[in-house]
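Per my numbering, residue 58 is the first one in the sequence shown, and the count goes up by one each step.
Beta carbons are placed, not taken as given, at the ideal position from N, Cα and C, and that holds for glycine.
All values reported here derive from a predicted model rather than from experimental measurement.
One structure is given below, encoded as structure tokens.
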Amino acid sequence: MKIIRPSETLADQAYNLLKKAIITGELKDEEALPEESLSKNLGISRTPLRDALNRLAAEGLVIQMKGRPAIVASFTKENSLEFMEIRSILEVHSIEKVVAHVNTEFIATLVENLSEQSDAINRDNYQDFIELDREFHILLASLNNNAELKKMIERINTGVNRAFLILSSTVPQSAKDAYQEHIEIVEALKKKDVRLSKNKMVVHLDNVEKRFMRYYSNAPI
């Protein structure tokens with residue numbers, strides 16, 4: 058992990074660094090997070106570190122235990138499917154609300170993300186692709202006026218992101234399919250077609266779950 062640099066609050070930076078380390082697998086399931094060594098590694102005091110750990114615990118990424126160091130929350134097939142079910146409900150609802158607010162700048166941001174997805178696939182860098190996939194879904198919700206819904210979608214996509222990173226060795230076979238589905242969602246948004254946008258999102262999220270189940274059944278134990 059990187060050392061904290063002064064710009065955002067120390068708690069925000071610690072939160073972002075630890076969250077990324079958990080999502081990417083740098084910090085493993087059930088790995089201990091002792092405050093003393095973490096604060097030393099990050100170059101901050103324990104107070105902002107505790108704030109960061111509290112936020113991560115609220116998102117289900119960290120488990121806090123009285124009198125013992127926090128640990129990285131473990132992740133299971135069942136967790137993953139629960140996240141995907143909730144994600145489908147939230148994101149299909151959200152895209153219906155977003156369509157009316159679509160503008161040129163929003164589309165340009167999505168297209169830039171798609172370009173980065175394509176580049177990651179061409180480089181065979183599927184960890185980058187999975188993170189860009191997460192960003193894509195968070196971007197799709199960014200025009201929604203419901204701030205709490207946006208937070209929930211970000212949290213859910215963090216969970217789904219972890220699920221696929223665990224199985225990242227199997228991602229190459231279907232990354233191009235996901236990328237193509239993302240393109241179709243953006244094309245529907247360009248037309249400001251609510252029904253088509255919802256349909257493309259439903260199909261995509263259904264396929265995501267099918268791919269996950271296929272990945273999981275083929276993953277090494």
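Check: Classify Val119 as helix, strand or coil using the three-state DSSP reduction.; Outcome: strand
Check: Excluding the five sequence neighbours on either side, which residues of its own chain have a C-beta within less than 6 Å of the C-beta of Asn73, listed in chain order?; Outcome: none
Check: Give me the residue from Glu241, Glu244, Asn202, His239 with the minimum Cα distance to His158.; Outcome: Asn202
Check: Where do the ends of the beta strand (DSSP E) carrying Pro126 lie?; Outcome: 125-129
Check: Helix, strand or coil for Pro277 per DSSP?; Outcome: Only weak support exists for where Pro277 lies, its pLDDT of 46 falling under 50; the value from the coordinates is given anyway. Coil, per DSSP.
Check: Would you call the region 160-167 and the region 111-125 in contact, with 3 or more CB pairs under 8 Å?; Outcome: no
Check: Quickly, what does DSSP pair Leu138 with across the bridge? List them, please.; Outcome: Answer by DSSP bridge pairing: none, since Leu138 is not bridged.
Check: Count the other C-beta atoms from every protein chain shown that fall within 10 angstroms of the C-beta of Val168, then say buried if there are 16 or more, exposed otherwise.; Outcome: exposed
Check: For Arg268, does the count of other Cβ atoms within 10 angstroms reach 16, so buried, or fall short, so exposed?; Outcome: buried
Check: Could you tell me which residues DSSP pairs with Leu90 in its beta bridges?; Outcome: Ala127
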